[in-house]
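What follows is a set of notes on a single structure, which appears directly below.
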Amino acid sequence: MTRHDDEIDEGPTPEDVARFDSVTRTCPGCKEEVYDDTAVCWQCGRALDAEGDAKTPMWIYVAATIAMAAIVIIIIF
Ligand SMILES: [Zn+2]
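The following block contains the structure:
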């Protein structure tokens, strides 16, 4: 069985290297460099995974919990 030349995997192409090498990306909102796996920009809070899965970032739950606790404390005192 023979393979076509374009099917031989000689290793990572320059495109693959660039893809795996770029662990950071530029935030479309504030142009700040953020990590590629970051769901929300630490600089401006913009959701970076807007396209595709719309999973809720963990910090929203933390912020909501803190806000609820703060409201309860304000009501009590
Ligand atoms: Zn940003």
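So for the sequence shown, numbering that gives the first Met the number 0 puts the first residue at 0; every next one is plus one. For every residue, glycine included, the Cβ atom is placed at its ideal position computed from N, Cα and C.
- For residue 14, the CB stays at least 7 Å from every heavy atom of ligand 1.
- The set of residues with CB atoms less than 6 Å from any heavy atom of ligand 1 reads, in chain order, 26, 28, 29, 31, 40, 42, 43 and 45.
- Put simply, of 28, 70, 56 and 68 the residue whose alpha carbon is nearest the alpha carbon of residue 43 is 28.
- Around the beta carbon of residue 61, fewer than 16 other beta carbons sit within 10 angstroms, so the residue counts as exposed.
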